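Okay, structure first, notes after.
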Amino acid sequence: MASVAQPIPGAFAPSRPTVKIVPIKLLPVVAVVLVGLVTAIATNSHWALDFYHVAGGGLWTGIDLFVGLVLGPILGSMPVPARLELSSRMMPKLLLIMPTLVTMTLGSGFQLARTLGNLGANYPNHGWLVASYVVVGVMAVIALGLLEPANLAVLFELRKPNPDGARIGRLMKVFIYTAGITGLMQIATLVIMTKLASG
Amino acid sequence: MEAAAPPDERRLPPIQPIAVATIVLIVSGGIYTAAHLPRHVPQGPTITLLAAAVVLLATNVVLLSRIEPFAWRIFRVVTAWVFAAYIVIAGMLEYVFVYDHTRGTQLLILTAMLAVFAVDIPLLLGFSVARYQDPDA
C-alpha cells in the first residue's frame, strides 16, 4: 500500500516565510573570500596562504565537530516541528558556508604545502600528508554524495505548502548520521594536522 | 481509481549510488595524483579511474533520461544553479593546476576529471531534489 504524505501538525503554518535555498545576501561575502584566496595563491604570500588554511581549516573542523557531535544528536532528539524550524534557518547558511570553507582550506593548504616543499616524496611526513588526502577524500564523498543531497532535498520539501514530515524525518536522519561521521573524521584531521605542524 | 504513488515511493533507477561511485572514482584519481605531485604521475591508474568515471556518468545520464514522468523543470533549475557553482569551483582548481605549471597529458587528465566532477555533482543534486517533487511541478 502506498503511504500517504504526512503533513507536520502545528509546524509551518500557512503564514510561515518561504524557505530560502541560498541566502543571496551572503554571496558577496563568498565572492570576497574567493577573490582573496585567488590572490593569496597568485602572490604565493606565505602569511595569506597560512591565514586561509588555518582560519578555513579551524572553522571547517570546528563546525563539523559541533554540528556532527553536538548539534546533530540534539536535533535528533527534538520534536520534528522544532527540528524543522532550526534546520530551515541553519541549512541554507551551511549550504554556502561549508563549500566556501572547504575551498579556502584545501586550495590554500595545497599551495602552502607546494611552496614549503612538503609535497615531495622525500618529505619525512609524506605518508601523513597522503593520509590527510584520504581523510579529506572520504569526507568529500560523504558530504557531496550523501549530506548535501539530503540537505537540499529537505530545503525543497520545506518550500512545499504541505511538507511531508515522514520524508523530512528520513532525510534528516541521513543528514544527522553523515554529519556525525564527518565530525569523527575531523578528529583524524586534527591528529594528522598537528602531527604535520609539529614535524 | 488507485491514487498515484508519492514521488519517493516510485522505483527509480540507481542514479544516486552510481553518482556517488563516480565521485569515489574521481576523488581516488585526485588523491593518487596529489600523492605523486610534484613528481611525474603514472598515468595508467588515473586514466583507468577517469574512464570508469566517464562510463558511470554516461550510464547515469542515459538512466536519468529514461525516467518518465519526472519533475524535469525542477531538475533543470537545480542542476543549472549547482552547475554554475561547480564551474566556479572547477575553474579555481584548473587555475591552480595551470598556475603550478601542470602541462600536457597530466593537465588534460585533471581537466577531464574536473569536467566529470562538475557534471556529476549537479546531476546528483538535481536528481536528489526532483525525485521528491510532483512531476507536474
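As they're listed, the protein sequences go chains A and B. Position one of the first sequence corresponds to residue 410 (my numbering), numbered consecutively onward. Position one of the second sequence corresponds to residue 3 (my numbering), numbered consecutively onward. Built from N, CA and C at the ideal position, the CB exists for glycine as well. It should be emphasised that the depicted structure is a prediction, and the values quoted were computed from it without experimental measurement.
Residue i burial status per 10 Å Cβ neighbour count (16 or more: buried)
i: B:L140; result: This structure does not reach residue 140 of chain B, given that chain B is present from 3 up to 139, and the question cannot be answered.
i: B:I2; result: Nothing about residue 2 of chain B can be read from this structure; chain B reaches only from 3 to 139.
i: A:Y542; result: buried
i: A:D573; result: buried
i: A:H455; result: exposed
i: A:V413; result: Because the pLDDT of A:V413 is 47, which lies under 50, any placement of that residue in the model is unreliable, and the number read from its coordinates should be weighed accordingly. The residue is exposed, with fewer than 16 neighbouring Cβ atoms inside 10 Å.
i: B:S130; result: buried
i: A:R576; result: buried
i: A:A562; result: buried
i: B:E70; result: exposed
i: B:D138; result: exposed
i: A:T448; result: exposed
i: A:L554; result: Going by the sequence as given, residue 554 of chain A is Gly instead of Leu. A:G554 comes out buried.
i: B:L126; result: buried
Boundaries of the alpha helix (DSSP H) in which residue i is found, first to last residue
i: B:G32; result: I17 to H38
i: A:H455; result: H455 to L474
i: B:Q45; result: Q45 to S67
i: B:F119; result: G106 to A132
i: B:A73; result: First-last for B:A73: undefined, no H or E at that position.
i: A:P387; result: As shown, chain A starts at 410 and ends at 608. That puts residue 387 of chain A outside it, with no answer to give.
i: A:V438; result: L436 to T452
i: A:V600; result: G574 to S607
i: A:A549; result: H535 to I551
i: A:V428; result: Unbroken run through A:V428: none, as it is neither H nor E.
i: A:L561; result: E557 to L567
Cβ of residue i within 8 Å of any chain A Cβ
i: B:M3; result: Because the pLDDT at B:M3 is just 41, under 50, the model does not fix this residue reliably, and the value given afterwards should be weighed accordingly. Cβ-Cβ to chain A under 8 Å: no for B:M3.
i: B:A37; result: yes
i: B:L66; result: no
i: B:V26; result: yes
i: B:A21; result: yes
i: B:L126; result: yes
i: B:I123; result: yes
i: B:F17; result: The question names Phe, but residue 17 of chain B in the sequence shown is Ile. It does not: the Cβ of B:I17 has no partner Cβ on chain A nearer than 8 Å.
i: B:I33; result: yes
i: B:V79; result: no
i: B:V118; result: no
i: B:V29; result: yes
i: B:V131; result: yes
Neighbour flag for residue i against chain B, beta carbons, 8 Å
i: A:P437; result: no
i: A:F460; result: no
i: A:Y532; result: no
i: A:E557; result: yes
i: A:A422; result: Legend: pLDDT at A:A422 = 49, less than 50; position of this residue unreliable, value from coordinates given subsequently. Closer than 8 Å: no.
i: A:A597; result: no
i: A:A590; result: For the record, residue 590 of chain A in the displayed sequence is Ile; it is not Ala. Not an interface residue.
i: A:A464; result: no
i: A:G546; result: yes
i: A:L561; result: yes
i: A:A491; result: no
i: A:V539; result: yes
i: A:G419; result: Unreliable placement is indicated for A:G419, whose pLDDT of 49 sits below 50; no coordinate value is reported for it.
i: A:V447; result: yes
i: A:G554; result: yes
i: A:V442; result: no
i: A:I605; result: First, the amino acid is wrong: residue 605 of chain A is Leu here, not Ile. By this cut-off, A:L605 is not an interface position.
i: A:A457; result: no
i: A:L528; result: yes
Sequence-distant residues of the same chain with beta carbon closer than 8 Å to residue i, five excluded per side
i: B:Y34; result: V43, P47, T48 and L51
i: A:L484; result: R492, L495, S496, M581 and I585
i: A:K502; result: P432 and L435
i: B:L109; result: F99 and V100
i: B:T61; result: I20
i: B:V84; result: I123, P124, L127 and G128
Close-in-space but distant-in-sequence residues of the same chain around residue i (CB under 7 Å, 5 per side omitted)
i: A:V511; result: W469
i: A:M548; result: T591 and M594
i: B:V56; result: V118
i: A:I551; result: T587, I590 and T591
i: A:L528; result: A522
i: B:I111; result: Q45, T48, I49 and L52
i: B:G31; result: T48, L51, L52 and M115
i: A:G516; result: L446 and I450
i: B:E4; result: Its pLDDT being 42, under 50, B:E4 is placed unreliably by the model, and the measurement read from it follows with that caveat. None.
Close-in-space but distant-in-sequence residues of the same chain around residue i (CB under 6 Å, 5 per side omitted)
i: B:L58; result: I20, A23 and T24
i: A:L691; result: Outside the shown range of chain A, which is 410 to 608, sits residue 691 of chain A, and nothing can be said about it.
i: B:F77; result: G128 and A132
i: A:M499; result: none
**Asked** Taking any Cβ of chain A, which residues in the region 89–114 of chain B have a Cβ under 9 Å from it, in chain order?
**Response** Along the region 89–114 of chain B, the positions whose C-beta sits under 9 Å from a C-beta of chain A are V90, I91, M94, L95, Y97, V98, Y101 and D102, read in chain order.
Residues of the region 509–523 of chain A with a CB closer than 8 Å to any CB of chain B: list them in chain order, please.
T512, G516, F519, Q520 and R523
ask   = If you measure beta-carbon to beta-carbon, which residues of the region 38–58 of chain B are closer than 9 Å to chain A?
value = H38, L39, P40 and R41
Margin query: Tell me which residues of the region 563–586 of chain A have at least one Cβ-Cβ distance to chain B shorter than 8 Å, keeping chain order.
Written below: F565, E566, D573 and R576
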